[in-house]
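>
Number of protein chains: 2
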Amino acid sequence: MAGHPTPDGILQLGMGFWGSKTLLSAVELGVFTELAQGPQDGDGLAQRLGLHQRGSRDFFDALVALGKLRREGGRYTNSPDTEVFLDRAKPSYVGGILEMANARLFGFWGSLTEALRTGRPQNEAKEGGNAFDAIYSDPVRLEAFVRGMTGVSMGANMAMAQKFPWSKYQSFIDLGTAQGCLPAQIALAHDHLSGGGFDLPQIGPIFEQYVASFGLAQRLRFYPGDFFKDPLPETDVLLMGHILHDWGLEEKRVLIAKAYEALNPGGALIVYEAVIDDARNQNAFGLLMSLNMLIETPAGFDYTGADCQSWLRDAGFHDTHVEHLVGPDSMVVGIK
Amino acid sequence: MAGHPTPDGILQLGMGFWGSKTLLSAVELGVFTELAQGPQDGDGLAQRLGLHQRGSRDFFDALVALGKLRREGGRYTNSPDTEVFLDRAKPSYVGGILEMANARLFGFWGSLTEALRTGRPQNEAKEGGNAFDAIYSDPVRLEAFVRGMTGVSMGANMAMAQKFPWSKYQSFIDLGTAQGCLPAQIALAHDHLSGGGFDLPQIGPIFEQYVASFGLAQRLRFYPGDFFKDPLPETDVLLMGHILHDWGLEEKRVLIAKAYEALNPGGALIVYEAVIDDARNQNAFGLLMSLNMLIETPAGFDYTGADCQSWLRDAGFHDTHVEHLVGPDSMVVGIK
Numbered sequence: 068m069a070g071h072p073t074p075d076g077i078l079q080l081g082m083g084f085w086g087s088k089t090l091l092s093a094v095e096l097g098v099f100t101e102l103a104q105g106p107q108d109g110d111g112l113a114q115r116l117g118l119h120q121r122g123s124r125d126f127f128d129a130l131v132a133l134g135k136l137r138r139e140g141g142r143y144t145n146s147p148d149t150e151v152f153l154d155r156a157k158p159s160y161v162g163g164i165l166e167m168a169n170a171r172l173f174g175f176w177g178s179l180t181e182a183l184r185t186g187r188p189q190n191e192a193k194e195g196g197n198a199f200d201a202i203y204s205d206p207v208r209l210e211a212f213v214r215g216m217t218g219v220s221m222g223a224n225m226a227m228a229q230k231f232p233w234s235k236y237q238s239f240i241d242l243g244t245a246q247g248c249l250p251a252q253i254a255l256a257h258d259h260l261s262g263g264g265f266d267l268p269q270i271g272p273i274f275e276q277y278v279a280s281f282g283l284a285q286r287l288r289f290y291p292g293d294f295f296k297d298p299l300p301e302t303d304v305l306l307m308g309h310i311l312h313d314w315g316l317e318e319k320r321v322l323i324a325k326a327y328e329a330l331n332p333g334g335a336l337i338v339y340e341a342v343i344d345d346a347r348n349q350n351a352f353g354l355l356m357s358l359n360m361l362i363e364t365p366a367g368f369d370y371t372g373a374d375c376q377s378w379l380r381d382a383g384f385h386d387t388h389v390e391h392l393v394g395p396d397s398m399v400v401g402i403k
Numbered sequence: 068m069a070g071h072p073t074p075d076g077i078l079q080l081g082m083g084f085w086g087s088k089t090l091l092s093a094v095e096l097g098v099f100t101e102l103a104q105g106p107q108d109g110d111g112l113a114q115r116l117g118l119h120q121r122g123s124r125d126f127f128d129a130l131v132a133l134g135k136l137r138r139e140g141g142r143y144t145n146s147p148d149t150e151v152f153l154d155r156a157k158p159s160y161v162g163g164i165l166e167m168a169n170a171r172l173f174g175f176w177g178s179l180t181e182a183l184r185t186g187r188p189q190n191e192a193k194e195g196g197n198a199f200d201a202i203y204s205d206p207v208r209l210e211a212f213v214r215g216m217t218g219v220s221m222g223a224n225m226a227m228a229q230k231f232p233w234s235k236y237q238s239f240i241d242l243g244t245a246q247g248c249l250p251a252q253i254a255l256a257h258d259h260l261s262g263g264g265f266d267l268p269q270i271g272p273i274f275e276q277y278v279a280s281f282g283l284a285q286r287l288r289f290y291p292g293d294f295f296k297d298p299l300p301e302t303d304v305l306l307m308g309h310i311l312h313d314w315g316l317e318e319k320r321v322l323i324a325k326a327y328e329a330l331n332p333g334g335a336l337i338v339y340e341a342v343i344d345d346a347r348n349q350n351a352f353g354l355l356m357s358l359n360m361l362i363e364t365p366a367g368f369d370y371t372g373a374d375c376q377s378w379l380r381d382a383g384f385h386d387t388h389v390e391h392l393v394g395p396d397s398m399v400v401g402i403k
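So the protein sequences, as listed, match chains Y and S. Residue numbering for the first sequence follows our numbering, beginning at 68 and increasing consecutively. Residue numbering for the second sequence follows our numbering, beginning at 68 and increasing consecutively.
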C-alpha cells in the first residue's frame, strides 16, 4: 500500500462532472462560436448569450481555469483548441457530439446505477422511444452530429489511411460512414483507390456534399442502406467503425458474416473503434464507452482486440491482427 | 496559437461525466465497502452488490482503468486511496460527500444552463423544498455527510493547525463545525488552547462523540445555534469555513460583522474555503464551486482572497492576509 494516500484523486474524479457539464453548457450556449468573432468583455458576452449576470463571470472564468477560454485585460477569447473545434461556423466543429451528450447522455447517465442493476437501457427506449430517431429526425442536429463524428475521428481516420497496406487493394467501402471523413482521407492519400460510404438514406446529401468539397465525387459514392436488412456492397476492403459495439454478440457475428460474404477474395475487413486493451485495465474510455452502450442500447458492448479477432476467425477471416491508431482507438484487421 | 491543436482535451473534458458518474455509482452501490472485506471475483462481487451481469464486468474494469480498483488473477481489490477513503466501515470514509453529489448534485447540474440563464437555484428549492432539509433531515445521511466533510477537510485543517500563530491566543470557536474535525486538529496540536464548535443543534451528538474519541471532551464544547439568529460566542479566534460562499454579499457582511463583534480585542477571524485566486484563472475548483452555489443557493458565490480581505477591512479588521492551505483551499485572516 502507498504511504499516505489522500482523498484528492477520489474527489477530483467524483466531482469531475462539474467541469464536464460546464463545458457542455458552454457549447450549448454558443460561447465559443460567439468569441470566434472577436474578443469580448464579460458583460457584453453574457448579454449576447442571454445569461443572467449572477453566474456569468464565474462561468467564463471557470472555462478560463479549465483551459478552454483565455482572458486578457478583461476580454475573453477562445483557447487554440476551442477556436478550431468549438466554433459552429467552422467545418472543424466537433461540438455536435457534445451537444448530443449535453441534450441526451448527461441526463441518461444519471440512471447509471439503475442500468447496472437491471442491464437495461436508460435512454429514450425507456419511455418507448428510440435513440436513432432522436438523433436522426432533426436534420440540423443530425448534420452537427455527423460533423462532430468527423472531427473526433479525424486523427484515427488519417492513421488508418497511413497504416493499412492500401497499395494491395483497388476498392473500399466504409459502413456507417456518416459524413464520409474516412473515405475522404483514404481517397486523398491513395489516388488508385475508389469506393464510398454506406449509411442510412438520410445521410446521403450530407455525404455527397462533404465528399464533393474535396473534389472526390468521381471516386467516392454513397451507398444507401440498412446493414441488417440489405446485402453489403461487394468491394476489396470493408471498414466498420463504431458499429459493432452498438450490438449484442449475435448481431455482431451476423454483421461480420455479412462482411465476409461481401468481400472479394483476398479482401480485408477493418473494424475500428475504441477497442479495449486485452488486459482490460488501460483503455478507460473504451470501457466507459461500453457502459454508454449499456445506457444506449439493448445489448451493445465494447470489446477487446482479442475478442474481435476471435469473432473474425470464427467467420472465416485469417491473418487477423490489432493495430493501435490514436488515443483510445485501434483497428482490428482480418483477411478473407 | 499552438501549431496543431487537437480535439482530445475538449472531448476528455466534455465526456468527463462518464468516469465521474461511474465512481459516484460505485460509492452508491458500496463497491469499495464490499471489497474492503477481501478480494472478490467479478461474478461474486456483482452478485453481492445486486448487479445485472450485462454491465458489471465493464463497470469494475472501468474502475480499474480509472485507478480506483485493482484486478489480479481475476480478483478485484480496492486501490490504496479507495481502501482508506471509500470503505463505509472506516472513520476515514469521505463517500458521504459523493453520496450527496450522486443523489442530488449530478441531477441538479443537468440544469446548469437554466441556472446560467435565470440566475436561480436548480435544487430542491426549485420545487419549493430546501437543500439543508434534504441533507439535515435524515440522521444517517447527515452523519455520512459530516464524516465526508471531515475527510475532505482534513488536509486543510491540519495545515490551519500548523500555519496560524496559535501561541498568541487562548481560545477559539469553529463556526459551522460539522463533526468538529478542525477544532480537534487545532486542540491536538496546541495543548494550551480550549474552544469548540458552533453548528445547528442536530449536529451536537455527532460533534460530541467525535471530539470525545480524541479525548478532547474537556477542552472542546459544542455551541448550538443559528449564526444569523443567535449572537456568536465570544472567543479569541473565530473560524468560518465553507459558510460565506453560501450567502449573498449582504449576508456575508452581516456574518463578518457578527464575528467582529464577538471577538475579544486583538482576536482573529479566519475564513477558509476554496478561495479563488485573485486573477481568477487558476483555481478551477473554486470557480466551479461558485457555480455550485448558483445551483444550490439563492445568492451565494465564492470569491477571491482580495474580495474577502476588502470585506474584512470594511468591517474593521486590520492586518488582513491570505495564506494557501492545501489543494484549492486557502485561509483569509483578519485581526480585530
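The beta carbon of each residue, even a glycine, is placed where N, CA and C say it ideally should be.
If LEU354 (chain S) and ASP125 (chain Y) are in contact, beta carbons under 8 Å, what's the gap, nearest whole angstrom?
By one-based count along the second sequence, residue 354 (chain S) stands at place 287. By one-based count along the first sequence, residue 125 (chain Y) stands at place 58. LEU354 (chain S) to ASP125 (chain Y), Cβ: 5 Å. Contact.
> Since VAL94 (chain Y) contacts GLY186 (chain Y) with CB under 8 Å, what's their CB separation in whole angstroms?
Counting from one through the first sequence, the residue named residue 94 (chain Y) turns up at place 27. Counting from one through the first sequence, the residue named residue 186 (chain Y) turns up at place 119. Rounded, the Cβ-Cβ distance is 31 Å, inconsistent with contact.
> Under 7 Å Cβ-Cβ, which residues of chain Y neighbour ALA129 (chain S)?
By one-based count along the second sequence, residue 129 (chain S) stands at place 62. Simply ALA351, LEU354, LEU355 and LEU358.
> Closer than 7 Å, Cβ to Cβ, to anything on chain S: give me those residues from the region 289-310 of chain Y, in chain order.
Flagged: no residues at all.
> Shortest alpha-carbon distance to ALA254 (chain Y) belongs to which of Y:ALA245, Y:LEU267, Y:PRO272 and Y:GLY282?
Here residue 254 (chain Y) is taken as the residue at index 187 of the first sequence, counted from 1. Per the Cα distances, Y:GLY282.
> Ends of the beta strand (DSSP E) at LEU330 (chain Y)?
The sequence position of residue 330 (chain Y) within the first sequence is 263, counting from 1. Taken as a continuous stretch (DSSP letters only), the beta strand (DSSP E) holding LEU330 (chain Y) covers 330-340.
> Please state whether the Cβ-Cβ distance between VAL399 (chain Y) and VAL321 (chain Y) is less than 9 Å.
To locate residue 399 (chain Y), count along the first sequence from 1; it is residue 332. To locate residue 321 (chain Y), count along the first sequence from 1; it is residue 254. No; because the gap between Cβ atoms is not below 9 Å, this pair is not in contact.
> At least one CB of chain S closer than 9 Å to the CB of ASP241 (chain Y): is that the case?
Walking along the first sequence from the start, residue 241 (chain Y) turns up at place 174. With 9 Å as the cut-off, ASP241 (chain Y) does not count as an interface residue toward chain S.
> Is there contact here, the region 123-143 of chain S with the region 346-361 of chain Y, by at least three beta-carbon pairs under 8 Å?
Yes, since at least three Cβ pairs between the region 123-143 of chain S and the region 346-361 of chain Y fall closer than 8 Å, the two stretches touch.
> Who are HIS385 (chain S)'s beta bridge partners in DSSP?
Residue mapping note: residue 385 (chain S) aligns to position 318 of the second sequence, counting from 1. Partner(s): S:ILE402.
> For VAL207 (chain Y), count the other beta carbons within 10 Å of its own beta carbon; 16 or more makes it buried, fewer makes it exposed. Which is it?
In the first sequence, counting from the first residue as 1, residue 207 (chain Y) sits at position 140. Under this definition VAL207 (chain Y) is an exposed residue.
> State the DSSP-derived secondary structure class of PHE239 (chain S), mapped to helix, strand or coil.
The sequence position of residue 239 (chain S) within the second sequence is 172, counting from 1. In this structure, PHE239 (chain S) counts as strand in the three-state DSSP scheme.
> Report buried or exposed for LYS88 (chain S), applying the criterion of at least 16 other Cβ atoms within 10 angstroms of its Cβ.
By one-based count along the second sequence, residue 88 (chain S) stands at place 21. Buried, since its Cβ has 16 or more Cβ neighbours within 10 Å.
> Confirm, please, whether the CB-CB distance from THR302 (chain Y) to GLY271 (chain Y) is below 9 Å.
Walking along the first sequence from the start, residue 271 (chain Y) turns up at place 204. Walking along the first sequence from the start, residue 302 (chain Y) turns up at place 235. Not closer than 9 Å, so no.
> Nearest CA to the CA of TYR410 (chain S): which residue from S:TYR236, S:GLY218 and S:ASP396?
Since the displayed chain S opens at 68 and closes at 403, residue 410 (chain S) lies outside it and no answer follows.
> Does the separation of the CB atoms of GLY405 (chain Y) and GLY83 (chain S) fall below 9 Å?
Outside the shown range of chain Y, which is 68 to 403, sits residue 405 (chain Y), and nothing can be said about it.
> Using the C-alpha atoms, what's the distance from GLN107 (chain Y) back to GLY97 (chain Y)?
For the purposes of this step, residue 97 (chain Y) is identified with residue 30 of the first sequence, where counting begins at 1. For the purposes of this step, residue 107 (chain Y) is identified with residue 40 of the first sequence, where counting begins at 1. Each residue's Cα considered, the two are about 14 Å apart.
> For the beta strand (DSSP E) holding PRO188 (chain S), just list the boundary residues, first then last.
For the purposes of this step, residue 188 (chain S) is identified with residue 121 of the second sequence, where counting begins at 1. Premise fails: PRO188 (chain S) is in no beta strand (DSSP E) and is neither H nor E.
> ASN348 (chain Y) touches chain S at which residues, Cβ-Cβ below 7 Å?
Indexing the first sequence from 1 puts residue 348 (chain Y) at position 281. Per Cβ cutoff of 7 Å: ASP128, VAL131, ALA132 and ARG138.
> What is the rounded straight-line gap between the Cα of PHE25 (chain Y) and the Cα of GLU328 (chain Y)?
This structure leaves residue 25 (chain Y) out entirely; chain Y is present only between 68 and 403.
> Using the Cα positions of LEU78 (chain S) and LEU165 (chain Y), report the straight-line distance between them to the nearest angstrom.
Numbered from 1 along the second sequence, position 11 holds the residue referred to as residue 78 (chain S). Numbered from 1 along the first sequence, position 98 holds the residue referred to as residue 165 (chain Y). Spanning the two alpha carbons is a distance of roughly 8 Å.
> Check the Cβ of LEU165 (chain S) against every Cβ in chain Y and list those closer than 7 Å, keeping chain order.
Sequence index remark: in the second sequence, residue 165 (chain S) carries index 98 (1-based). Here the neighbours are GLY81.
> Got a sec? Which residues, its chain only, sit under 6 Å from ILE337 (chain S) by beta carbon, not counting five neighbours each side?
For this step, residue 337 (chain S) is matched to residue 270 along the second sequence. Excluding residues within five positions, the ones whose Cβ falls inside 6 Å are LEU306, MET398 and VAL400.
> Can you tell me which residues form a DSSP beta bridge with ARG142 (chain Y)?
The residue labelled residue 142 (chain Y) in the question sits at position 75 within the first sequence. Note: ARG142 (chain Y) sits in a beta bridge opposite Y:ASP108 and Y:GLU139.
> Start and end of the alpha helix (DSSP H) containing ASP125 (chain Y)?
Position 58 of the first sequence, counted from the start, is the residue given in the question as residue 125 (chain Y). Looking at the DSSP string, the run of the alpha helix (DSSP H) that includes ASP125 (chain Y) is 120-132.
> What's the C-alpha gap between TRP85 (chain S) and PHE368 (chain Y)?
On the second sequence, residue 85 (chain S) is found 18 positions in, with the first residue counted as 1. On the first sequence, residue 368 (chain Y) is found 301 positions in, with the first residue counted as 1. Rounded to the nearest angstrom, the two C-alpha atoms are 15 Å apart.
> Mind listing which residues of the region 85-118 of chain S have their C-beta closer than 8 Å to chain Y's C-betas, in chain order?
Cβ contacts with chain Y come from TRP85, GLY86, SER87, LYS88, THR89, LEU90, LEU91, SER92, VAL94, GLU95, LEU96, GLY117 and LEU118.
> Between the C-alpha atoms of ALA228 (chain S) and GLY247 (chain S), what's the straight-line distance to the nearest angstrom?
As a first step, residue 228 (chain S) must be located in the second sequence, where it is residue number 161. As a first step, residue 247 (chain S) must be located in the second sequence, where it is residue number 180. In a straight line, the C-alpha of ALA228 (chain S) is about 13 Å away from that of GLY247 (chain S).
> Along chain Y, in chain order, which residues have C-beta atoms closer than 9 Å to that of PHE231 (chain S)?
On the second sequence, position 164 is the one that residue 231 (chain S) refers to. In chain order: nothing, as chain Y lies at least about 22 Å away.
> What first and last residue would you give for the alpha helix (DSSP H) that runs through PRO74 (chain S)?
Within the second sequence, residue 74 (chain S) is the residue found at index 7, counting from 1. Here PRO74 (chain S) belongs to no alpha helix (DSSP H), and DSSP marks it neither H nor E.
> Taking just the CA atoms, how far does PRO268 (chain Y) sit from VAL151 (chain Y)?
One-based indexing of the first sequence puts residue 151 (chain Y) at position 84. One-based indexing of the first sequence puts residue 268 (chain Y) at position 201. Cα-Cα distance, rounded: 30 Å.
> In angstroms with no decimal places, state the Cα-to-Cα distance between ALA335 (chain Y) and GLN120 (chain S).
In the first sequence, counting from the first residue as 1, residue 335 (chain Y) sits at position 268. In the second sequence, counting from the first residue as 1, residue 120 (chain S) sits at position 53. If I take the Cα positions, the gap works out to 34 Å.
> Considering only the alpha carbon of each residue, which of Y:GLU101, Y:GLN285 and Y:LEU242 lies closest to HIS309 (chain Y)?
Working through the first sequence from its first residue, we reach residue 309 (chain Y) at position 242. Closest by alpha carbon: Y:LEU242.
> Can you pull the chain S neighbours of SER123 (chain Y), defined as C-beta to C-beta under 8 Å?
Locating residue 123 (chain Y) in the first sequence gives position 56, where the first residue counts as 1. By Cβ distance, chain S contributes LEU183.
> Closest to PRO250 (chain S) by CA distance: which of S:LYS319, S:SER146 and S:THR217 is it?
Counting from 1 along the second sequence, the entry for residue 250 (chain S) is found at position 183. For the residues S:LYS319, S:SER146 and S:THR217, the minimum Cα distance to PRO250 (chain S) belongs to S:THR217.
> Leaving out five residues on either side along the sequence, give the residues of the same chain with a beta carbon under 8 Å from the beta carbon of LEU287 (chain Y).
Looking up residue 287 (chain Y) in the first sequence gives position 220. Correct list, in chain order: GLY247, PRO250, ALA251, ALA254, SER261, GLY262, GLY263, GLY264 and VAL278.
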